[in-house]
Amino acid sequence: MITRIYINQVKEHIGETVLIKGFVHNLRIQGSVSFLILRDITGTIQNVIVKSNADAFGFVKKLSLESSVEIIGKAKKDPTRENRYEIEVETIKLLALSEAELPLAVFDKNETETSANIRHQNRFLDLRKPKNSLIMKLSSAFDRYYREFLFNEGFIEIHTPKTMPTPSESSSDLFEVKYFDRCAYLAQSPQLYKQMAIASGLEKVLEVGPIFRAEKSFTSRHATECTSYDIEMAFIKDHNDIMELEERLIVYILTQIKKNYGDEIKEIYGIDVKIPSLPFPRITMKEAKSIVQSNDLESDLSSEEEKALGDYYEKQGYDFVFLTDFPISVRPFYHKYYEDKPCTKSADLIYRGLEITTLAQREERYDVLLNQLKSKGLGQKDIQWYLDFFRYGMPPHGGWGLGGARFIMKLLGIEHIRDAMFIYRGVNHLNP
Ligand code: ATP
Ligand code: MG
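Taking this note's numbering, I'd label the letters of the sequence shown as residues 2 to 433.
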């Protein structure tokens with residue numbers, strides 16, 4: 002019995018008879034020889050079928066693109082192209098025939114992109130494209146290196162509930178769900194429960210999980226459901242500790258991605274993964290406003306201003322910048338405020354002009370927290386269960402929420418967040 006190898010292993014088996022399996026990526030039928038490009042999750046390879054192999058030669062003439070097949074043949078070096086390999090086909094077996102008419106071209110040498118609508122209606126075919134399966138590999142790598150780094154730092158992974166009795170962030174952008182005879186909310190963030198983990202004495206926790214935002218906006222950076230990469234940690238000095246941890250995390254993830262996927266990224270996207278140097282630049286909101294020439298000191302940066310700030314730093318060779326000292330008016334009640342200015346001890350991490358993280362030190366003093374809640378016009382009663390965390394020696398703490406899909410978007414220069422996730426959820430996107 003011959004065991005299956007993956008296409009990227011063929012080069013280790015030159016001269017041997019091998020078995021490969023995959024999808025028919027492309028076919029070129031000629032008079033005396035036919036070429037079948039086979040694709041598996043590791044890559045593509047040319048398979049040569051000569052006319053004298055009558056069974057196989059006749060078979061490929063009836064084959065449709067994207068059918069799945071297995072091929073047995075001899076592994077060889079491609080005589081015409083360096084570092085390329087091919088299979089001299091002995092037998093081909095059909096595993097499943099594809100319908101001849103594809104709703105979108107998986108292999109398209111003219112790169113005429115099908116409309117986003119059709120691609121996302123047929124996402125399973127869209128994801129067969131090597132450039133898209135690479136996005137899935139990188140999302141998985143991001144998950145893995147995120148956890149790897151934080152486990153090495155002593156973090157404990159938790160899983161918080163996604164149905165909540167009260168809103169976690171703000172009372173807008175909420176999905177309400179029927180919860181037996183009452184109403185529950187889908188979690189906009191694990192914020193309140195991460196802080197419970199701090200009150201529970203777990204000290205350093207991480208979570209990778211879904212967040213839900215009923216944002217009726219049609220931007221290229223918002224999904225209604227996405228994966229948030231969170232941490233919360235206790236006994237910090239202030240939000241600078243959180244920034245220092247996050248910049249080391251980003252360098253770790255990018256270093257691992259470059260090492261393990263750098264060649265594939267270069268080949269498919271033409272991008273050299275850049276490892277940023279430490280520390281990342283830090284700039285206050287006030288300074289940022291003057292760089293982007295805005296006079297409105299009380300508001301958050303608009304997305305255009307965020308982009309302008311990103312361009313300004315990219316010109317100086319920085320992909321990442323921490324934006325600090327946000328006005329109290331644009332931050333939630335639980336952020337820690339400075340004593341001497343109307344700002345919060347918080348920051349956003351901007352990656353090539355897009356916010357990918359909000360982080361902060363949290364207010365841990367019960368009375369102060371209650372005051373901050375009230376001065377934002379919020380009621381105490383519904384959130385008393387959360388306030389109770391702060392009554393029994395809550396240590397100073399802080400954390401972040403990081404959008405993984407936004408990170409992947411910026412890494413690969415993807416225009417729209419829907420293309421940086423497995424299945425996108427948006428206002429008009431509930432299928433598939
Ligand atoms: P924005 O201002 O861009 O709408 P936000 O400030 O509302 O984002 P946060 O509540 O700070 O978002 O969430 C932390 C991180 O989670 C964000 O920096 C972002 O990377 C990610 N994130 C939040 N909401 C979304 C969303 N709707 N789609 C994709 N990612 C999101
Ligand atoms: Mg934010």
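Glycine included, C-beta positions come from ideal geometry on N, C-alpha and C. From a predicted model like this one, the values you see are computed outputs, not experimental measurements.
Using the rule of at least 16 other Cβ atoms within 10 Å of the residue's Cβ for burial, across every protein chain shown, is residue i buried or exposed?
i, result
"Thr18", "exposed"
"Thr322", "Correcting the residue identity first, residue 322 is Val in this sequence and not Thr. Flag for Val322 reads buried."
"Tyr393", "exposed"
"Ile3", "exposed"
"Cys184", "exposed"
"Phe423", "exposed"
"Arg85", "exposed"
"Asp231", "buried"
"Lys205", "buried"
"Asp389", "exposed"
"Tyr314", "buried"
"Thr81", "exposed"
"Asp320", "buried"
"Gly202", "exposed"
"Trp401", "buried"
"Asp109", "exposed"
"Lys195", "buried"
"Gly155", "exposed"
"Ile1", "In the structure as shown, the chain starts at 2 and stops at 433, and residue 1 therefore has no counterpart that could be examined."
"Tyr339", "exposed"
"Thr359", "buried"
"Glu83", "exposed"
"Asn48", "buried"
"Phe150", "buried"
"Tyr425", "buried"
Can you tell me where the alpha helix (DSSP H) with residue i in it begins and where it stops?
i, result
"Tyr314", "Ser304 to Lys316"
"Arg120", "Ala117 to Gln122"
"Gly59", "Ala55 to Lys62"
"Arg372", "The sequence shown places Asn at residue 372, rather than the Arg named in the question. First-last of the alpha helix (DSSP H) with Asn372: Tyr367 to Ser376."
"Ser291", "Met286 to Ile292"
"Lys385", "Looking at the sequence itself, residue 385 is Gln, so the reference to Lys does not match. Gln385 -> alpha helix (DSSP H) spans Gln385 to Leu388."
"Tyr180", "From DSSP, Tyr180 is part of no alpha helix (DSSP H) but of the beta strand (DSSP E) over Glu177 to Tyr180."
Report whether the distance from the Cβ of residue i to the nearest heavy atom of the ligand ATP is below 7 Å.
i, result
"Leu403", "yes"
"Glu208", "no"
"Ile254", "no"
"Arg222", "yes"
"Arg29", "no"
"Ala406", "yes"
"Arg214", "yes"
"Ser190", "yes"
"Ser33", "no"
"Ile438", "Since the first residue shown for the chain is 2 and the last is 433, residue 438 is missing from the structure and cannot be characterised."
"Ser300", "no"
"Cys344", "no"
"Ser303", "no"
"Cys184", "no"
"Ser229", "yes"
Could you give the first and the last residue of the continuous beta strand (DSSP E) run that contains residue i?
i, result
"Pro131", "Run containing Pro131: none in the beta strand (DSSP E); it sits in the alpha helix (DSSP H), Pro131 to Asn153."
"Val252", "Looking at the DSSP string, Val252 is not in any beta strand (DSSP E); the run it does join, the alpha helix (DSSP H), is His240 to Tyr270."
"Arg29", "Thr18 to Ile30"
"Arg40", "Val34 to Asp41"
"Glu233", "Glu226 to Ala235"
"Lys78", "Ser69 to Lys78"
"Phe321", "Phe321 to Thr325"
"Ile212", "Lys205 to Phe213"
"Ala185", "Arg183 to Leu187"
"Leu360", "Leu355 to Gln362"
"Gln47", "Gly44 to Val51"
"Leu193", "Unbroken run through Leu193 is the alpha helix (DSSP H), Gln192 to Ala200; no beta strand (DSSP E)."
"Gly399", "His398 to Gly404"
"Ile418", "Looking at the DSSP string, Ile418 is not in any beta strand (DSSP E), and its letter there is neither H nor E."
Pick from the options: whose alpha carbon is nearest that of residue i?
i, options, result
"Val209", "Arg148, Thr256, Ile254 and Leu187", "Arg148"
"Ser172", "Ile384, Ala235 and Gly44", "Ile384"
"Val107", "Arg120, Lys316, Gly263 and Thr358", "Arg120"
"Ile42", "Gly404, Lys22, Ala57 and Thr358", "Lys22"
"Val331", "Ser347, Gly318, Lys375 and Ile292", "Ser347"
"Pro343", "Ile329, Phe334, His398 and Tyr262", "Ile329"
"Tyr7", "Tyr387, Tyr367 and Ile73", "Ile73"
"Val211", "Arg366, Leu246 and Glu226", "Here residue 211 turns out to be Pro, not Val, going by the sequence shown. Of the candidates Arg366, Leu246 and Glu226, the one whose C-alpha sits nearest the C-alpha of Pro211 is Glu226."
"Leu37", "Lys63, Asn261 and Ile159", "Lys63"
"Glu245", "Met197, Gly399 and Leu355", "Gly399"
Closest Cβ-Cβ distance between residue i and chain C: below 8 Å?
i, result
"Phe408", "Absent from the structure: chain C. Only one protein chain is present."
In chain order, what residues have a CB nearer than 7 Å to some heavy atom of the ligand COA? Looking at this structure, you won't find the ligand COA anywhere; what it does contain is the ligand ATP and the ligand MG.
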